[in-house]
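Position 484 (the sequence shown) corresponds to 947 in my numbering; numbering is contiguous.
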Amino acid sequence: MKIVTWNINGIRTFKKGIKSALDAFGADIICVQETKVTRDMLDERTAIVDGYNTYFSFSRGRTGYSGVATFCKDSATPFCAEEGLTGRLVNHGEAVGCYGDQGAFSIEELQSLDSEGRAVITQHKLKQSVQGEDSETLTIINVYCPRADPEKPERKHFKLQFYKLLQIRAEAIVGPQSHVIILGDINTSHRPIDHCDPDDVENFEDNPGRKWLDSFVFTLAENENDAEEGSKASQNCVSGGNFIDTFRHFHPTRTNAFTCWSTRTGARQTNYGTRIDYIFANRLLVERNLLNADIMPEVEGSDHCPIWAELSCTFVPSPKCPALCTCYMPEFMGKQQKLMRFLVKVSDQKLLPGSQEAREIRENLNPLESGVSSGSKRPPDGLPESSTFKAKKSKHAKKATKPQGSLLTFFKPKLTQAVSSSQSLSSYNNTETENTENYVNSCTAAHSMLSVCHTDVQVKGETSNFRVKMTKEEEKGCQDQIESNATLCEETKRGSCPDFWKSVLHGPPQPPLCTSHNEPCVLRTVKKPGPNLGRQFFVCARPQGHTSNPQARCNFFAWVEKRK
């Protein structure tokens, strides 16, 4: 049988067809992480795949985040399936069981560790190789371990607590006839060989996640003589965990074998990545049944690549899918649902600090308490309206009676003229209106002003002809302004004044050439919170890579100076 795991970075990775993508692996079980879907976002095309039975775990309270799913071929249908690691999400009688000692965790911690949709467990029966043997089981734990955000120390604690709970659960299930495989995105590179540049990481071996892997993984000594002599190197690479890294079991010294790369820096082109995706198996299963394991860097579509393992054992399919299977979800059973199903009371539970943004959860649980306005300004019943409120109310009512103006009034020009203080201009004849419109459409306002100055104006109440007297110097100044504006309009039409537009519209700055490759740089913007947030800078346009790689990005860096 063959098992595949892949962090797909969003279910959109299967946009060309989820069945064809699953069939391409030729595997009995495909486990995916970071689906980024919640129960309400799951569609039938993704949930019900012909030839497979599917088991999802969703993030609670945060959409587009985390989530894992296990796709089992019908020939590998499990007998039990369970969401989460704690057992607190199980509401049916087909649970896997064996939860271990969880006394070190509080109830709130257990609830929060399972609230982000990070684990799905399926338990399968194996075909007996010899008649009369006791039946064996294989439990597959599909996990997406948390990432330790350097800017959020509470997430580091959350990650270590998740590791601890995962180890307790896995070790509780393992037995002489009960085998366990833990697979998925562990979010920690174990050894320096699993990292593209371990020298660039501060306190690499002192990382708490790597120390946990040392206690969790049993690493076979490459040189048993060194191990017997008790050399320091062998002591560092041999540990007494119960599980084996299947890839390193077959490829102990392979370098540049990575499963995750940064898409932001294009690091996959230079293979500048890390190996943080694993398939762990208990030692007895590896010694008896493991045939091969490897990574698949040629498969694209995500910032991770799939990995696989092949075993000699065979599944015995269950005649019926466990209750967690998506085929039992009411929305996919073809039956009409009752309205009451959508009116489920949600209890506000305390979560482990850092397990999720508290504000996001409050907004999901009760939008009104989170500051979402209902739009009503009516005072509470039983309280008289204040005089201020009444005054505002009458004012608004008065405004409402005002007739609505025409849209054309916003486009009429405001003609300013020097008139006598005892006169007020209120209306113009048709000739004056035509002259005004022609004035707006003309290239320059000065010409129109000059023509209007010698025009008769009709005053309300009586017809009075008057002229605005202008001196020869003023007339000459207006004429010069007309000629200057006309010249500017003509140059603008021909596009012969680029300096003017450059001073008004600032385009992107001209990229400099990097020092090592003499190639144009790319413009980036700081998105990390801090004093430089929003600032722009130039870096080498080539993909990120090791400093020894001449094809990789050089260390050129230059801030973009703010324009005045």
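Every residue, glycine too, gets a C-beta built ideally from N, C-alpha and C.
Close Cβ partners of residue i (< 8 Å) along its chain, the five nearest in sequence each way excluded
{"i": "Arg738", "result": "Ser652, His653, Asp657, His658, Phe710, Ala720, Phe721, Thr722, Cys723, Ile758"}
{"i": "Cys788", "result": "Asn516, Thr517, Tyr518, Ala544"}
{"i": "Phe667", "result": "Pro655, His658, Pro661, Arg673"}
{"i": "Asp537", "result": "Gly514, Tyr515, Asn516, Pro780"}
{"i": "Pro974", "result": "Pro983, Cys984, Val985, Leu986, Phe1001"}
{"i": "Leu976", "result": "Glu982, Pro983, Cys984"}
Local conformation of residue i per DSSP, three classes
{"i": "Val749", "result": "helix"}
{"i": "Ser538", "result": "helix"}
{"i": "Glu823", "result": "Only weak support is given to the placement of Glu823: the predicted model assigns it a pLDDT of 45, under 50, and the value that follows is read from those uncertain coordinates. Helix, per DSSP."}
{"i": "Tyr562", "result": "coil"}
{"i": "Tyr518", "result": "strand"}
{"i": "Lys482", "result": "helix"}
{"i": "Gln591", "result": "coil"}
{"i": "Asn688", "result": "Caution applies to Asn688, whose pLDDT of 39 falls short of 50 and renders its modelled position unreliable; the model cannot decide the point."}
{"i": "Glu546", "result": "strand"}
{"i": "Phe1020", "result": "strand"}
{"i": "Ile1111", "result": "Because the chain is modelled from 464 through 1027, residue 1111 falls outside the range shown and cannot be assessed."}
{"i": "Arg618", "result": "helix"}
{"i": "Glu794", "result": "helix"}
{"i": "Arg475", "result": "helix"}
{"i": "Asp660", "result": "coil"}
{"i": "Gly997", "result": "coil"}
{"i": "His917", "result": "Because the pLDDT of His917 is 47, which lies under 50, any placement of that residue in the model is unreliable, and the number read from its coordinates should be weighed accordingly. His917: coil per DSSP, three-state reduction."}
{"i": "Arg987", "result": "strand"}
{"i": "Asp513", "result": "coil"}
{"i": "Lys1009", "result": "Reading the sequence as shown, one finds His at residue 1009 and not Lys. Coil."}
{"i": "Tyr528", "result": "coil"}
{"i": "Phe852", "result": "The pLDDT assigned to Phe852 is 42, lower than 50, so where the model puts this residue is not dependable; a value taken from the coordinates is nonetheless given after this. Helix."}
{"i": "Ala786", "result": "coil"}
{"i": "Ile1029", "result": "Here the chain has residues from 464 to 1027 only, and residue 1029 is not among them."}
{"i": "Glu982", "result": "coil"}
{"i": "Thr600", "result": "strand"}
{"i": "Arg930", "result": "In this prediction, Arg930 has a pLDDT of 49, which is less than 50 and means its spatial position is unreliable; what the coordinates show is noted afterwards. Note: Arg930 maps to coil in three-state DSSP."}
{"i": "Ala1015", "result": "coil"}
Contact check, residue i vs residue j, beta carbons under 8 Å
{"i": "Thr600", "j": "Ile584", "result": "no"}
{"i": "Ser520", "j": "Gly530", "result": "yes"}
{"i": "Thr540", "j": "Asp577", "result": "no"}
{"i": "Arg1005", "j": "Ala1021", "result": "no"}
{"i": "Thr476", "j": "Ser765", "result": "yes"}
{"i": "Val637", "j": "Asn745", "result": "yes"}
{"i": "Gln591", "j": "Val559", "result": "no"}
{"i": "Val1002", "j": "Val989", "result": "no"}
{"i": "Val512", "j": "Ile493", "result": "no"}
{"i": "Leu748", "j": "Pro671", "result": "no"}
Test: residue i CB closer than 8 Å to a CB of chain D
{"i": "Pro661", "result": "Within the model displayed, chain D is absent; a lone protein chain is all it includes."}
Top-ranked residue by Cα proximity to residue i, from the options
{"i": "Lys478", "options": "Asp506, Met464, Ala490", "result": "Asp506"}
{"i": "Gly1008", "options": "Asn1018, Lys990, Phe1000, Phe1001", "result": "Asn1018"}
{"i": "Tyr562", "options": "Gly580, Leu623, Lys627", "result": "Lys627"}
{"i": "Pro972", "options": "Asn995, Pro994, Cys1003, Val1023", "result": "Val1023"}
{"i": "Phe778", "options": "Val467, Asp491, Ala484", "result": "Asp491"}
{"i": "Val606", "options": "His587, Val495, Glu557", "result": "Val495"}
{"i": "Asn995", "options": "His620, Lys536, Lys1025", "result": "Lys1025"}
{"i": "Gly489", "options": "Phe625, Tyr791, Glu579, Pro769", "result": "Pro769"}
{"i": "Pro983", "options": "Lys991, Lys990, Phe1000", "result": "Phe1000"}
{"i": "Ser522", "options": "Ile570, Met504, Gly514", "result": "Met504"}
{"i": "Pro715", "options": "Leu976, Thr682, His980", "result": "Thr682"}
{"i": "Leu552", "options": "His767, Leu573, Gly566", "result": "Leu573"}
{"i": "Leu589", "options": "Val643, Pro992, Pro616", "result": "Val643"}
{"i": "Gly736", "options": "Ala567, Phe743, Thr728", "result": "Thr728"}
Rounded distance between the beta-carbons of residue j and residue i, thought under 8 Å
{"i": "Asn1028", "j": "Phe713", "result": "No information on residue 1028 is available, as it lies outside the stretch 464 to 1027 that the chain covers here."}
{"i": "Asp648", "j": "Asp740", "result": "5 Å"}
{"i": "Ile645", "j": "Ala633", "result": "6 Å"}
{"i": "Gln640", "j": "Asp597", "result": "5 Å"}
{"i": "Ser781", "j": "Asn752", "result": "Their Cβ separation, rounded to whole angstroms, is 20 Å, which puts Ser781 and Asn752 out of contact at 8 Å."}
{"i": "Phe621", "j": "Pro609", "result": "6 Å"}
Distance cut-off 7 Å: residue i Cβ against heavy atoms of the ligand ATP
{"i": "Lys465", "result": "Here there are no bound small molecules, and the ligand ATP is not part of this structure."}
Residues near residue i by beta carbon distance below 7 Å, same chain, minus five either side
{"i": "Gly834", "result": "Only weak support is given to the placement of Gly834: the predicted model assigns it a pLDDT of 46, under 50, and the value that follows is read from those uncertain coordinates. So the list is empty, once near-sequence residues are dropped."}
{"i": "Ile474", "result": "Thr498, Lys499, Val500, Thr509"}
{"i": "Asn1012", "result": "Thr733"}
{"i": "Cys784", "result": "Asn516, Thr540, Cys790"}
{"i": "Arg429", "result": "For residue 429 there is no data in the structure shown, the boundaries of the chain being 464 and 1027."}
{"i": "Leu676", "result": "Thr651, His653"}
{"i": "Arg731", "result": "Trp724"}
Cβ-based neighbour list, residue i, same chain, cut-off 6 Å, excluding 5 preceding and 5 following
{"i": "Glu773", "result": "Lys465, Leu754, Asn755"}
{"i": "Gln630", "result": "Phe679"}
{"i": "Thr978", "result": "Phe1019"}
{"i": "Asn557", "result": "For the record, residue 557 in the displayed sequence is Glu; it is not Asn. The residues are Cys543, Pro785, Ala786."}
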